[in-house]
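In the working numbering, the protein residues as written are 0 to 467. Cβ atoms here follow ideal geometry from the backbone N, Cα and C, with glycine treated the same way. Computed from a predicted structure; not experimentally measured. Report on one structure; see the data block that follows.
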């Protein structure tokens, strides 16, 4: 494909705002991007060409640009005999560039990860994008704009790679490093002092367990492994004690232990590292009311019922089922799911802590079962909550005559919402000021933005809450 309609970068001859272009850089490389001037109303040499998410080319790096949006290749795609396409007239003193070696995804030819490519789309248009590989040699997508806007595989007819850039070179170096690491780890060396008890990590856990049992007779390896466990794994060509996680590419990331030089040093470290998890797993504290889950759930229900007076046990049928089950040889509080997934362990150090978890679950169910009949949104100015901004502060009257408040805050990236039930204790106050003192113990001003003075001056809120 020959590109014959290049424009020099100059103020009176720049692309339209948002136009996608093939770019020749001042260093001779080729890429593409969408023109984003700093002032889109004027001819401007200030701006950048957007290639994708956090991926731009400054206009100062660009020598020439060639439009891509204005062409329609539909007729060419339907002609099986065609093998060369001219874009614009050729002639003397015309700056021309030929792109070749186009590939088809349907033939199983995929770009390398992070490679920026020129694309011929199945709708006849030209575009470009950076290959975001999902499964090596199987699937991915071409990212071309912020927020991961992309051309999916089934929209691309053919592609050819453009010049290498920082993103692609970093990915290539990362791949080379992964290959070097894989080669080093094929036959790792073994430090005999470090692994004098062998290379089975369970041996070291058992030796640490023997020490822990002297102080904590209930200790088990399962309890010890509640904190991120250690393994014996190859790293940089030698076996190490380390914590292993998976990278984006599915390879192992090993974080080596560096707290000593010998096997006994590691065993001592393992005792200290797991001690808190063992301390918090004392069955006498955890199951002090026995191993019948109904006893714990009854206590949670009674606690919630005191304030959420409309709660009945039928409402709890929608809750996730709690149980006491054996997991890894130890009894645990768990949540069971409706499918065949393994139960989720509630890691509680005491019976009281599990009851708190069940109380929180039941409170949420009770609030969802009590519909809102009226709302009063509190007015406020700009309130900064440690970098987040208060967005919503709404009191609601429920069908039963009770009240709750919904608070929402966020920043430019994320946010969160919480609901708080206003307990009957608050409304036992004889004055509105006393009510606010009690209310702000539940929704403190330092955490949620509105102080007693802010709320006290809101006469409509006072009336909404039933205080005259």
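Item: Mapping the DSSP letters down to three states, classify residue 125 as helix, strand or coil.; Value: strand
Item: Do three or more CB pairs link the segment 108 to 116 to the segment 157 to 171 at distances below 8 Å?; Value: yes
Item: Can you list, in chain order, the residues of its chain whose CB lies under 7 Å from that of residue 332, leaving out five sequence neighbours each side?; Value: 321, 323, 345, 347 and 353
Item: Report the rounded CA-to-CA distance for residue 69 versus residue 409, giving the unit in angstroms.; Value: 41 Å
Item: Buried or exposed: residue 142, going by 16 or more other Cβ atoms within 10 Å of its Cβ?; Value: buried
Item: List the whole-angstrom C-beta distance separating residue 103 from residue 67, where the pair is believed to meet the contact cut-off of C-beta under 8 Å.; Value: In fact, because the Cβ distance is near 20 Å, the residues do not count as touching under 8 Å.
Item: Can you check DSSP and say which residues form a bridge with residue 329?; Value: 326
Item: Could you tell me whether any non-hydrogen atom of the ligand SAM is closer than 7 Å to the CB of residue 301?; Value: As for the ligand SAM, it is missing from this structure, which has no ligand bound.
Item: In terms of DSSP beta bridges, what is residue 460 paired with?; Value: Note: residue 460 sits in no beta bridge, so no partner.
Item: Less than 6 Å between C-beta atoms, sequence neighbours within five positions excluded: which residues of the same chain meet that for residue 133?; Value: 139
Item: Considering residue 168, what are the terminal residues of the alpha helix (DSSP H) in which it resides?; Value: 165 to 183
Item: Count Cβ pairs between the segment 358 to 378 and the segment 301 to 314 that sit closer than 8 Å; are there 3 or more?; Value: yes
Item: Do residue 402 and residue 464 have their CB atoms nearer than 8 Å?; Value: yes
Item: I'd like the span of the beta strand (DSSP E) that includes residue 287, first residue to last.; Value: Here residue 287 belongs to no beta strand (DSSP E), and DSSP marks it neither H nor E.
Item: Using three-state DSSP, classify residue 426 as helix, strand or coil.; Value: helix
Item: Determine the burial state of residue 406: buried for a count of at least 16 other Cβ atoms within 10 Å of its Cβ, exposed for fewer.; Value: buried
Item: With DSSP as the reference, please indicate the residues paired to residue 317 in a beta bridge.; Value: In DSSP, residue 317 forms no bridge with anything.
Item: Which class does residue 308 belong to by DSSP, given the choice of helix, strand or coil?; Value: coil
Item: Straight-line CA distance for residue 58 to residue 203?; Value: 59 Å
Item: Confirm, please, whether the CB-CB distance from residue 232 to residue 251 is below 8 Å.; Value: yes
Item: In this structure, how does DSSP classify residue 154 when only helix, strand and coil are distinguished?; Value: helix
Item: Quick one: what does DSSP say residue 63 is sitting in, helix, strand or coil?; Value: strand
Item: In terms of residues, what are the limits of the beta strand (DSSP E) holding residue 215?; Value: It is not in any beta strand (DSSP E) - residue 215 carries neither H nor E in the DSSP assignment.
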